[in-house]
Amino acid sequence: ILDLMNEKLARIARSISLVSLSLGLILTPLFFLPLTTDYFQFQKLVLFFLLTAIALVSWLVYNFSVKTVRLTFSPLLLPWLILMAINLVSTIINSPNNPEAWASRPALFVAVFIYFVLATTLINSSKIVKKILNGLLAAGVILAIQSILSITGAFSPSTSLGAGLPAYLANKAFSLTGSPLTAVIFLATLLPIGLIFAFKTKAGPAKLGYFLVSGLLISSLILTGYQLMPKQELAPLLLPKLAGWSIAVDTLKTKPFLGAGPMDFLNQFTQFKPIGLNQTNLWAVNFSASSNEYLNLLTNLGLLGLAVFLLLIFTWNKLIKRDSGTRTTSTQMAVNWAVIVLLISALLIPFNALHWVLLTGLLSLSVGLNKSKNLTKVKDVILTINAITVVEPFEITPVSPTAANTVILPVLLGIPLLITIIISGYKIGRVYASEYTFANSLIAADANKGADTYNLQIQTINLNPNIDRYHIAYSNTNLALASSLSAKTDLTDQDKQTITQLVQQAVAEARTATQLNPNRSSAWANLANIYRQLINFAQDADQFSIAAYTRAVQLDPANPQLRLDFGSLFYSLKRYDEAIARFQEAAQLKTDYANAYYNLSHAYQDQEKFLEAYQAMQSVISLVPADSADADMVQQELTDLQTKLPKTTAEPTAPAADTDAQLTQPSAPPPAPEDFEPVNLEPSPTPSPSPNP
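Spelled out as structure tokens, the structure:
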């Protein structure tokens, strides 16, 4: 009776594990929740983690029931294991204390490795594979319909379908996958599956259904793909290939083997950004991924990471080659072509979590299809406490009568894995809770609820104190509250004390962000801006701001906006020579940067160098579109300057116009309230209760 119960439990556990794995592949492309700052990739990652964990626990129960451990060994197993290990080691070396880094690529690669091991072990027939592929096609149908409706404007507020929908759902760029580009790649990957099944299936309703599905996928690909073409409404912003290669090469000069770290591309981009990008419409874009996945792996995981990925592809290619006396079935052909399309797409775009999940799932199905006809490339082994047995891959694991009714090996394997699942689940839960709370704080900020924003961001930091962007946001919240409170008339002593507290916290949080991510230029720029806004509130804030801007420029040397901001600081301090130098650097970095020339002209005017001011303003007038709001203002300023010139003026040669030019004059830091004693800047280690501005 006990053996019968164990067999029943084994069947149930195996079914739950297999269903969880199937749902992980089918539902991940469609799943999103508007509860965190990232509605899509983060949510998909959490769902995939959850379903993989359920599959793993069920597999452990299955092992316990049959008193053995069964695993599938395929040629792809070792490359996957090494790729996961490289992700972990690179993260340990480059970002050991960054939970955001750990919760992204390293956690993803651990999850996809576990998924691969479980899926290749449990999938043992072409029938299971075809059911999963049909599920993927069903997901593709849902996505194709949604994409067509979004692209054609069916969800716009003026339509019956769009009435009452949230704004993000009514947007043409909305996609269940996270972006139209990701949707196109997903549908293109599924298209070979639909077409091969359509042509290879015998005449009947199923054949017609596959043709209809394929036609729907093609229609969605054409409509969405057209909108992604250059100069179209939804054209994606991708880092040019030459720029991605240049950044990868510069990174490898110092970190050749393991790269910069799985989530550190943004820092590499700002440090090694080619100046030529400043002459394109991408000049103000900070890219968090390279031009394609191969360059992304080369930059983030180094030569070893790319080499192992190429080894994975080479090994898979060897796996799918036909042995003599065998033929390639339609299911095998469908999976093979889907993998090929996905690997080709990796030459065009950087992968996100969905792409890696899809690739892992398809490679797992490819291994599963090789578990038949006595192929020797894939082996199933059964491990017991006293034996290792090679078995037929398509056989269900029997309850072991030779294991002396012991479950020592499944227990020895299961206990550490269960502990790991519990600890990982707790950590991921805190990450999710912090993202949820942070998203609510941003909603409160948009609603101008200062106290709610303040308190929610304190909760966010308490849940996950090692994320630099949380501290950056909280520093600006403190600064905004201090600015709002200082605008009151007749400040009380309590108000002044609260302002002092908020100012100190703003600085402390901005400093913390730079300590958590010392190579992030934007963190130093935020600290510099915080100090700049406090020049009239705090002692030596100007010197601290200069030091922070200097570090930000070192980390982002090709950023013209950063040089402009730095120059504006010097301008507000009436240090005109240094301001002019920074404005000139901005203009050199981006020769069509109208705002750099405009600020340069004003700096020269304050030095009464009217000839240089006039020449700079001439550059502005040549760059500002004639029909823009700034054109008349610049022309009037140029006319005024002309009256202050010597009789002969040199005409400069100006570059082509920047149609996105927007002119802003250097601004002075906000004034402090009357009788306000300057703050002595000291770090504030612990956030205090909510102020009442």
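If you're matching positions, the sequence shown starts at 1386 in my numbering and goes up one per residue. Note that the Cβ used here is the ideal one computed from N, Cα and C, for glycine as well.
For F1434, there is no enclosing beta strand (DSSP E); the residue is part of the alpha helix (DSSP H) that begins and ends at 1426–1451. When DSSP states are grouped into helix, strand and coil, K1834 belongs to the coil group. Under the three-state reduction of DSSP, A1488 is assigned to coil, being neither helix nor strand.
Beta-bridge annotation (DSSP): K1706 is not paired with any residue. With contact defined as three or more Cβ pairs closer than 8 angstroms, the region 1483–1491 and the region 1654–1671 are not in contact. In this structure, the alpha-carbon of M1469 lies about 5 angstroms from that of F1494. Per DSSP, the unbroken alpha helix (DSSP H) holding L1601 starts and ends at 1590–1612. For T1862, there is no enclosing beta strand (DSSP E); the enclosing alpha helix (DSSP H) has its first and last residue at 1853–1871. Counting along the chain, the unbroken beta strand (DSSP E) around K1764 starts and ends at 1764–1768.
Straight across, the Cα-Cα distance linking A1504 with L1662 is about 44 angstroms.
The criterion of a C-beta distance shorter than 8 angstroms is not satisfied by P1625 and N1681. Here the alpha carbons of S1868 and T1899 stand approximately 23 angstroms from one another. Assigned with DSSP and collapsed to three states, A1979 falls in helix.
Around the CB of N1861, 16 or more other CB atoms lie within 10 Å, so the residue is classed as buried.
Secondary structure note for F1458: its beta strand (DSSP E) is the uninterrupted segment 1454–1458.
Sequence-distant Cβ neighbours of S1631 in its own chain, meaning closer than 6 angstroms and more than five residues away, are P1659. With three or more CB-CB distances shorter than 8 angstroms, the region 1450–1458 counts as touching the region 1765–1774. With contacts defined as CB atoms closer than 8 angstroms, R1967 and F1955 qualify as a contacting pair. Under the three-state reduction of DSSP output, T1774 falls in the strand class.
With contacts defined by Cβ atoms closer than 8 angstroms, S1405 and A1440 form a contacting pair. Counted as a single uninterrupted DSSP element, the alpha helix (DSSP H) harbouring I2006 occupies residues 1995–2008. For W1668, no alpha helix (DSSP H) encloses it, and the DSSP letter there is neither H nor E. Annotated as distal: G1753 and L1410, with beta-carbon spacing of 8 angstroms or more. For the set A1558, F1427, Q1531, the Cα lying nearest the Cα of L1546 is the one of Q1531. Pairing S1819 with T1838 gives a Cβ-Cβ distance that is not under 8 angstroms. Its chain contains K1626, G1629, A1731, L1732, L1733, I1734, P1735 as the residues whose beta carbon lies nearer than 8 angstroms to that of N1677, once the 5 sequence neighbours on both sides are disregarded; these appear in chain order. The beta carbon of A1981 lies closer than 6 angstroms to those of L1949, F1968, A1971, A1972 in the same chain, with the five residues before and after it left out.
Below 8 angstroms, enough C-beta pairs join the region 1602–1619 and the region 1568–1580 to call them touching: three or more. Taking a 10 Å sphere around the C-beta of P1565, we find 16 or more other C-beta atoms and assign the residue as buried.
For the set A1988, S1541, N1944, the Cα lying nearest the Cα of L1974 is the one of N1944. Cβ-Cβ distances below 8 angstroms link I1478 to L1643, G1646 in the same chain, with the five nearest sequence neighbours on each side left out; the list follows chain order. Apart from the 5 residues on each side of it in sequence, I1884 sits with its Cβ closer than 6 angstroms to the Cβ of A1867, L1870, S1871 in its chain, given in chain order. For the pair of segments examined, the region 1885–1893 was found not to touch the region 1516–1527: the number of CB pairs separated by less than 8 angstroms stays below three. A1923 sits in a strand when the DSSP states are folded into three classes. In the displayed model, F1642 falls within coil according to three-state DSSP, outside both helix and strand. Leaving aside the five residues that flank A1738 on each side, the residues in its chain whose CB is nearer than 6 angstroms to its CB run, in chain order, Q1426, K1429, L1430, L1493.
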